[in-house]
Structures are given as C-alpha cells and as structure tokens.
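Student: Okay, so the sequence shown: first residue is 3 according to my numbering, each after it adds one.
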Amino acid sequence: MRRVLTAMVCAALLALVVAACGSSGGSAETPASTPATTPAATDTGAPGGGGATNEGAAVFTSNCAGCHGTDGSGGSGPDLRGKDDVDKVVAQVTNGGATMPAFEGQLSAAEIQSVAEYVANGFK
Numbered sequence: 003m004r005r006v007l008t009a010m011v012c013a014a015l016l017a018l019v020v021a022a023c024g025s026s027g028g029s030a031e032t033p034a035s036t037p038a039t040t041p042a043a044t045d046t047g048a049p050g051g052g053g054a055t056n057e058g059a060a061v062f063t064s065n066c067a068g069c070h071g072t073d074g075s076g077g078s079g080p081d082l083r084g085k086d087d088v089d090k091v092v093a094q095v096t097n098g099g100a101t102m103p104a105f106e107g108q109l110s111a112a113e114i115q116s117v118a119e120y121v122a123n124g125f126k
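1) Classify GLU31 as buried or exposed, calling it buried when 16 or more other Cβ atoms lie within 10 Å of its own Cβ.
2) Starting from THR96, trace the alpha helix (DSSP H) both ways and give me its first and last residue.
3) Drop a sphere of 10 angstroms on the beta-carbon of ASN97, count the other beta-carbons inside from all chains shown, and report buried for 16 or more, exposed for fewer.
4) Kindly identify the DSSP beta-bridge partner or partners of LEU109.
5) Thinking C-beta only, is ALA111 closer than 8 angstroms to VAL88?
6) Go ahead and pull the three-state DSSP assignment for ASN56.
7) Identify, in the order they occur along the chain, each residue of the same chain with its Cβ nearer than 6 angstroms to the Cβ of ASP86, setting aside the five sequence neighbours on each side.
Quick look at the structure:
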C-alpha cells in the first residue's frame, strides 16, 4: 500500500513539473496567443538589434522563463547560458526532450527561430 501511495505522489509531482514548464502562469493555450503580443513591428533592420531580438525576448519571457529563469540561469529547467548553437536550440525548442515540452505547433517557426537566436546570442 505504501509503494502505491509513493508512486501516486511521485506521478502527481512529475505531472506538475511538466505542466509548469513553459507556462507563464496562464493556460496551456497561452503560447498560441503569443504572436499577437510579440513586438516584431519594432524591427529597425539594424544589425544586432531590432524586432528579431525583441520578439525572441518576448517569446522567451512568455514561454521559457518559467522553467529557465528570466536570465536563462535555470530553475526547474537547466541553465541556458552558453548555449550558442542556434540549430541545437531550435531543435530542442521544436522537439522538446527530457522534461521539456515540445513547442512545435504552439510557436511558429519564426518564433522558435527568434527565441533560439535570443538564447544563442547570450540573451541580447
């Protein structure tokens, strides 16, 4: 009986951790509304700044900071500082892995690319 109770408690805790990852405190549908709130219109076309950076920061804040911290230093998710391979970050965000949910279908390809560039460029 004790094993069953322990297994149920562990399963419930795991479900809570997985459900919380990627959440900004809203419902599971929150990421789908992200495109309407991302400031892509501020793109100045200037290298190293502009809309892609702003969009990446907005997507990160809305979908990633809950697990990875606002500065990417980690929390329930791992530390992302130093992750400088854009293609690897795109693959991780798209497909998920371990306890991280996949964001394919929740974020557009452009949003995934923007957040990957934001992370790979050291959150700048």
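Where a beta carbon is used, it is the ideal one built from N, C-alpha and C, also for glycine.
The structure presented is a predicted model; accordingly, all values stated were derived computationally and were not measured.
Tutor: Inspection of the coordinates gives the following:
1) Note that GLU31 scores a pLDDT of 37, beneath 50, so its modelled location is shaky and nothing firm can be said.
2) 88 to 97
3) exposed
4) GLU106
5) no
6) helix
7) ALA122
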